[in-house]
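Residue numbers (full-length UniProt numbering): 1 to 91.
For glycine and all other residues, C-beta sits at the position ideal for the given N, C-alpha and C.
Everything numeric in this text was worked out from a predicted model, so none of it was measured.
Report on the structure given below.
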Amino acid sequence: MINMADKQDSETFEQKMAKLETIVNQLEQGNVSLEDSMSKFKTGIELSEDLQKTLTTAEHTMAKMMDDDGHEVAFEKPKQSKDDEDGQQAD
1 MINMADKQDS
11 ETFEQKMAKL
21 ETIVNQLEQG
31 NVSLEDSMSK
41 FKTGIELSED
51 LQKTLTTAEH
61 TMAKMMDDDG
71 HEVAFEKPKQ
81 SKDDEDGQQA
91 D
């Protein structure tokens with residue numbers, strides 16, 4: 001038997017998002033029994049938490065770079081030097 005967590009792990013972010021949107025639409029329509037609504041709500045919460053974790057991980061991954069020595073450093077937009085602001089080239 002396939003565990004719900006294992007099944008969610010094999011799905012792409014987009015597939016999980018589509019599934020969550022379907023659940024939200026079904027719950028908004030209100031044509032679902034109370035028991036089914038509770039089950040769908042629980043699944044929706046699990047999907048939402050999983051999607052948030054994926055986004056957080058992606059955000060952290062994209063915010064890192066490697067410096068010249070191979071160490072990770074936080075990604076920052078390069079600051080303009082005074083010479084760059086004046087239109088002069090730094091040597």
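Buried versus exposed call for residue i [16 or more other C-beta atoms within 10 Å across all chains shown]
| i | result |
| --- | --- |
| I45 | exposed |
| L47 | buried |
| D91 | In this prediction, D91 scores a pLDDT of 49, lower than 50, which makes its location untrustworthy; the coordinate-derived value is nonetheless stated afterwards. Exposed: under 16 other Cβ atoms inside 10 Å. |
Boundaries of the alpha helix (DSSP H) in which residue i is found, first to last residue
| i | result |
| --- | --- |
| T22 | 13 to 29 |
Query raised in the report: In the region 33 to 66, which residue ranges form an unbroken alpha helix (DSSP H) of at least 4 residues, counting only runs that do not cross its ends?
Result: 34 to 62
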